[in-house]
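For the protein sequence lines, the chains are S and U, in the order given. Using the numbering used here, the first residue of the first sequence is number -12, and each one after it goes up by one. Using the numbering used here, the first residue of the second sequence is number 750, and each one after it goes up by one. Ideal placement from N, C-alpha and C gives every residue a C-beta, glycine not left out.
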Amino acid sequence: MNLHDASTFTVAGARRSLDAREFSATELTRALLDRISRVEGNLHALLAVTGERALADATRADQRIAQGESAPLLGVPIVLKDIFATRGIRTTCASRILENFVPPYDADATRRLAEAGAVLIGKANMDEFAMGSSNENSAYGACRNPWGLDRVPGGSSGGSAVAVAAGEALASLGTDTGGSIRLPAAFTGVCGMKPTYGRVSRYGVIAYASSLDQVGPFARTVEDLAMVLGIIAGHDPKDSTSAVVDVPDYHASLTGDIRGLKLGLPRQYFEGGLSEDVERAVREALEVLRARGAELVDIDLPHTPYAVATYYLIATAEASSNLGRYDGVRYGHRTDKVTNLLEMYRETRVEGFGPEVKRRIILGTYALSAGYYDAYYRKALQARTLIRQDFEEAYKLCDAIITPTAPQTAFRLGEKASDPLSMYLSDVFTNSANLAGIPGLVIPCGFDTKKLPIGLQILAPSFAEATALRAGDAYQKDTDWHLQAPDLPGGLK
Amino acid sequence: MARLARLGLRDEEKHSLRGELESILAYVEKLQELDTSGVAPTLGSGNERPVLREDAVTNQERGHEMVAGAPDPDDTFLRVPKIIE
């Protein structure tokens, strides 16, 4: 790994260099802190740079390395979406209502990464409470796409994706409720994975929609994702929804051998609305996979057209309940205009939440209210069953499913900001995986005519992350889209 | 809805939200096309096999730390405006 060229920034490469003593974790961390200070003014991928903490983590990692220890993330600088509780480090969820919130504990993922020896270098920008598809809903200002500074990075985990794309960190964590890891990965040309619901603990992860939220990694290569996922996956007694399912050796599953692997192509994802560039890139990727021995089969996911409506009813209903906790009593902002308890709640919340959060709370409250519950919420829960059944049927015919990640490449800042519905429709190819609880991997598969990245989505059955990772890694053995990095302002590579 | 959600929305917010919600509700209306008779609702994610743990207090000695970030802490308690007039 070359400290001055982000296209070489991989976790695996950094680990080899650290073990070979080509540079120390401290030198690596200082190099990235220097990059951050040079690119952040244009990108705004981070809400906090944790320089002191990073250097302390790096010193400890160097001591462990000096003692001969070698481990997958030892000495590797990472960024956490600002939705992960970090003990003693402000965690805002990109909301004014948590502007001064300093958690008294670590999220399970935060703890696992720290124990693995990762270096926490910053907290990433995001859409407020993970509600958005462009990162424009951050209360602290939008994050920009390094492939085009007039473009959004996708959301909600936009900052986590940009931090990797621009070489501010070697890997990062985000969360994905309806596509919030996969869409930014596609828009910024990096790899991202939403694991199976329950694969990674959500203890200490600020809740948005609890039947959909899942934690996952970003990195430059599928191999790197496998290394991070191996650390964060597994049951946690503090999250009763985290699954008691053995964690396989993801890295060992990257054999490059996909002969006979059946890849399903759902016709509903290739009908109408797909840009020519995206369709071409996905079709070319399919040929690469076929040349490696995969078999392509046509499949049907007939309820796909109902996924966005189903998702936005269920997610907002759950959000309206989850966000009831921001009441100005236990943590976060409290209004100055306190007259009585009810007024305190109403004013605290209207002052602290941004427009999209209010919109979703109101929509969710409506969907759950007496008289509309059956027509909206219950109907959506039934549609969810049909969407899950679509995948169960499809996986009888194939081992994994290949789709585009989004119909278009990254759109312009402001382009969809005044039309919430058009923003919601950016998630048309990603919502279904959350509704079905299945894992989804996104990897770069080309560029459009404007040199904006295109992402390939690989969906696998529940707890078959290894299948998606094996297919994605095999593809990366024959392509180099993932090793391309944007030219950054100031002539940085 | 704003009253139920404990959101003291301003008039201009109510106005813009009304239009936006109308277009979103018109869109989700397409679910009514689906025949869901006899389809069981998916509760939770459908994947969960919840694992329960002992309901034990584990951080009692950290009480002050737990309330340190509250807007108006008092020892290990939280102060709120008067509830009963």
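Just to make sure I have the definition right: I need the residues of chain S whose C-beta is within less than 8 Å of the C-beta of Gly768 of chain U. Which are they?
Chain S residues near Gly768 of chain U: none, gap ~10 Å exceeds 8 Å.
Spell out whether any CB of chain S is found under 8 Å from the CB atom of Glu814 of chain U.
Chain S contact via Cβ: present.
Bridge partners for Ser159 of chain S per DSSP, in chain order?
DSSP, once it has assigned bridges, lists S:Val66, S:Phe205 as partnering Ser159 of chain S.
Where does Glu343 of chain S land, buried or exposed, given buried means 16+ other C-beta within 10 angstroms?
buried
Looking at Asp226 of chain S and Tyr184 of chain S, is the spacing between their C-beta atoms short of 8 Å?
no
Taking only beta-carbon positions, decide if Glu761 of chain U is within less than 8 Å of chain S.
no
Which chain S residues sit within Cβ distance under 7 Å of Ala754 of chain U?
Ser307, Ile348, Ile349, Thr352
Ala96 of chain S versus Lys68 of chain S: straight-line alpha-carbon distance, rounded
11 Å
Quick one: what's got a C-beta closer than 7 Å to Tyr313 of chain S's C-beta in the same chain, skipping five residues either side?
Ile84, Gly319, Arg336, Gly339
Nearest-angstrom Cβ-Cβ length linking Ile65 of chain S and Leu5 of chain S, presumed shorter than 8 Å
Ile65 of chain S to Leu5 of chain S, Cβ: 14 Å. No contact.
Cutoff 8 Å: Ala751 of chain U Cβ touching any chain S Cβ:
yes
For Ala48 of chain S, which of S:Gly62, S:Leu443, S:Val36 has the nearest alpha-carbon?
S:Gly62
Using a Cβ-Cβ cut-off of less than 7 Å, give me the residues of the segment 23 to 52 of chain S that come near chain U, in sequence order.
None of the residues of the segment 23 to 52 of chain S has a beta carbon lying less than 7 Å from any beta carbon of chain U.
Please name the residue in S:Pro448, S:Arg346, S:Gly358 whose C-alpha comes closest to that of Gly119 of chain S.
S:Arg346
8 Å CB neighbourhood of Ser262 of chain S in its chain, flanking five on each side removed:
Pro394, Gln395, Thr396, Asp435
So, do the segment 135 to 152 of chain S and the segment 396 to 415 of chain S have three or more beta carbon pairs nearer to each other than 8 Å?
Yes, since at least three Cβ pairs between the segment 135 to 152 of chain S and the segment 396 to 415 of chain S fall closer than 8 Å, the two stretches touch.
Taking the straight line between their C-alpha atoms, what separation do you get for Ala447 of chain S and Ser356 of chain S?
35 Å
Which whole runs of the alpha helix (DSSP H) in the segment 292 to 350 of chain S are 4 residues long or more, in chain order?
You should have 294 to 309, 328 to 339.
To be precise: take each residue of the segment 75 to 90 of chain S, compare its Cβ to all Cβ atoms of chain U, and keep it if any distance is under 7 Å. Which residues remain?
Residues of the segment 75 to 90 of chain S that bring their beta carbon within less than 7 Å of a beta carbon in chain U comprise Phe88, Val89, in sequence order.
Along the beta strand (DSSP E) that carries Gly433 of chain S, what are the first and last residues, could you check?
427 to 434
Ordered along the chain, which non-local residues of its own chain (more than five positions away) have a Cβ less than 7 Å from that of Asp377 of chain S?
Leu288, Pro289, His290
In terms of residue numbering, what span does the beta strand (DSSP E) encompassing Ala404 of chain S cover?
Where Ala404 of chain S is concerned, there is no enclosing beta strand (DSSP E), given that its DSSP letter is neither H nor E.
So, do the segment 10 to 20 of chain S and the segment 164 to 178 of chain S have three or more beta carbon pairs nearer to each other than 8 Å?
no
Can you pull the chain S residues whose beta carbon is under 9 Å from the beta carbon of Thr825 of chain U, in chain order?
Those do not exist, as Thr825 of chain U stays about 12 Å from chain S at its closest Cβ, beyond 9 Å.
Please tell me whether Asn327 of chain S has its Cβ less than 8 Å away from any Cβ of chain U.
So yes, Asn327 of chain S belongs to the interface.
Taking 8 Å as the CB-CB cut-off, is Val806 of chain U touching chain S?
no
Taking 8 Å as the threshold (beta carbon to beta carbon), is Tyr363 of chain S in contact with chain A?
Chain labels in this structure do not include chain A; the protein chains are S and U.
Leaving out five residues before and five after Glu123 of chain S in sequence, what residues of the same chain have Cβ atoms less than 6 Å from its Cβ?
Ala129, Ala404
Three-state class that DSSP yields for Thr390 of chain S in the structure shown:
strand
Between which residues of its own chain and Ser765 of chain U is the CB-CB distance below 7 Å, once the five residues before and five after are set aside?
Excluding residues within five positions, none has a Cβ falling inside 7 Å.
Endpoints, the alpha helix (DSSP H) within which Val265 of chain S is located:
263 to 278
With a threshold of 8 Å between beta carbons, is Arg189 of chain S in contact with chain U?
Chain U contact via Cβ: absent.
Assigned secondary structure, Thr175 of chain S (DSSP; H/G/I helix, E/B strand, else coil):
helix
With contact counted as at least three CB pairs below 8 Å, one residue from each stretch, are the segment 278 to 287 of chain S and the segment 377 to 387 of chain S in contact?
In short, these stretches touch, since the Cβ pair count reaches three.
Just tell me which of S:Gly424, S:Glu27, S:Gly351 has its CA closest to the CA of Glu379 of chain S.
Of the residues S:Gly424, S:Glu27, S:Gly351, the one whose Cα lies closest to the Cα of Glu379 of chain S is S:Gly424.
Taking the alpha helix (DSSP H) that Asp460 of chain S falls in, what are its first and last residues?
452 to 465
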